[in-house]
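Visitor: Each residue of the sequence shown is one higher than the one before, starting from 47 at the first, in this note's numbering. From the three backbone atoms N, C-alpha and C, an ideal C-beta is built for every residue, glycine too. Structure provided below as C-alpha cells; questions to follow.
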Amino acid sequence: MKGSASNSTQMKWKEMCQLMREQKIDVLATQETHLDKDKVKELNKLFERQIHIIMSLDTNRPNVMGVAFIINKKLANWQEIKHCVLDPGRAIVIEIPWYNDKTLSCLNVYALNDPSKNKTFWNKIKSNWTA
Numbered sequence: 047m048k049g050s051a052s053n054s055t056q057m058k059w060k061e062m063c064q065l066m067r068e069q070k071i072d073v074l075a076t077q078e079t080h081l082d083k084d085k086v087k088e089l090n091k092l093f094e095r096q097i098h099i100i101m102s103l104d105t106n107r108p109n110v111m112g113v114a115f116i117i118n119k120k121l122a123n124w125q126e127i128k129h130c131v132l133d134p135g136r137a138i139v140i141e142i143p144w145y146n147d148k149t150l151s152c153l154n155v156y157a158l159n160d161p162s163k164n165k166t167f168w169n170k171i172k173s174n175w176t177a
C-alpha cells in the first residue's frame with residue numbers, strides 16, 4: 047500500500063473507505079502500510095465514523111513495512127476486537143466477535159522475501175499465535 051504521507055496516499059484511504067462501504071467489506075488487511083502511531087491516530091479521527099485501524103509497526107524502523115487491519119465500523123463489532131502482534135511490522139492477528147457467539151480470527155502477514163529466513167519467520171508466527 048505504501049501508506050505514508052504523499053497526496054496520492056491520502057486518496058488511497060478515501061478510496062479504501064469507499065470500497066469497504068460499497069462492497070460491504072467488514073475487515074480489510076493491508077501490508078506495507080508505513081504507518082506510525084500518530085498517523086493511525088490521525089486517520090482514525092479523520093474517518094472516525096467509517097473505519098477503525100489496528101496496526102503493527104517495527105519500532106526500530108517505523109517508516110518501513112507495517113501491517114494493518116481496517117475495520118468497517120458500520121458492519122463489524124469493532125469495539126470488542128482483540129489483537130495481538132506476532133512479529134512487529136510483519137504479523138498481527140485479530141479476533142472479532144462473530145455470529146452465534148463465534149469468534150473469527152484473522153491473520154495479516156507481510157512475509158519476508160529472503161527464502162533462507164522464511165522457515166524461521168513462519169515458525170515464530172506459529173509459536174507466538176498458539177502461545
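Apart from the five residues just before and just after residue 134, which ones in its own chain have a Cβ nearer than 7 angstroms to its Cβ?
Guide: Counting from one through the sequence shown, the residue named residue 134 turns up at place 88. Hits under 7 angstroms: 102, 103, 104 and 105.
Visitor: Output yes or no for whether 9 angstroms exceeds the beta carbon distance between residue 118 and residue 66.
Guide: Position 72 of the sequence shown, counted from the first residue, corresponds to residue 118. Position 20 of the sequence shown, counted from the first residue, corresponds to residue 66. Going by C-beta atoms, residue 118 is nearer than 9 angstroms to residue 66.
Visitor: Quick check on residue 111: does DSSP put it in helix, strand or coil?
Guide: Residue mapping note: residue 111 aligns to position 65 of the sequence shown, counting from 1. If DSSP states are grouped into helix, strand and coil, residue 111 belongs with coil.
Visitor: Quick one: Cα of residue 145 to Cα of residue 121, how far?
Guide: As a working note, residue 145 is residue 99 in the sequence shown. As a working note, residue 121 is residue 75 in the sequence shown. If I take the Cα positions, the gap works out to 12 angstroms.
Visitor: Less than 9 angstroms between CB atoms is the rule here; does residue 92 satisfy it with respect to chain D?
Guide: Of the chains in the structure shown, none is chain D; there is only one protein chain.
Visitor: Can you name the residues that DSSP bridges to residue 141?
Guide: Start at 1 with the first residue of the sequence shown, and residue 141 comes out as number 95. Paired residues: 128 and 151.
Visitor: Would you mind reading off the limits of the alpha helix (DSSP H) that contains residue 171?
Guide: Numbered from 1 along the sequence shown, position 125 holds the residue referred to as residue 171. Unbroken alpha helix (DSSP H) run through residue 171: 161-176.
Visitor: Could you have a look at residue 133 and say whether DSSP puts it in helix, strand or coil?
Guide: Start at 1 with the first residue of the sequence shown, and residue 133 comes out as number 87. Looking at residue 133 - three-state DSSP - the assignment turns out to be strand.
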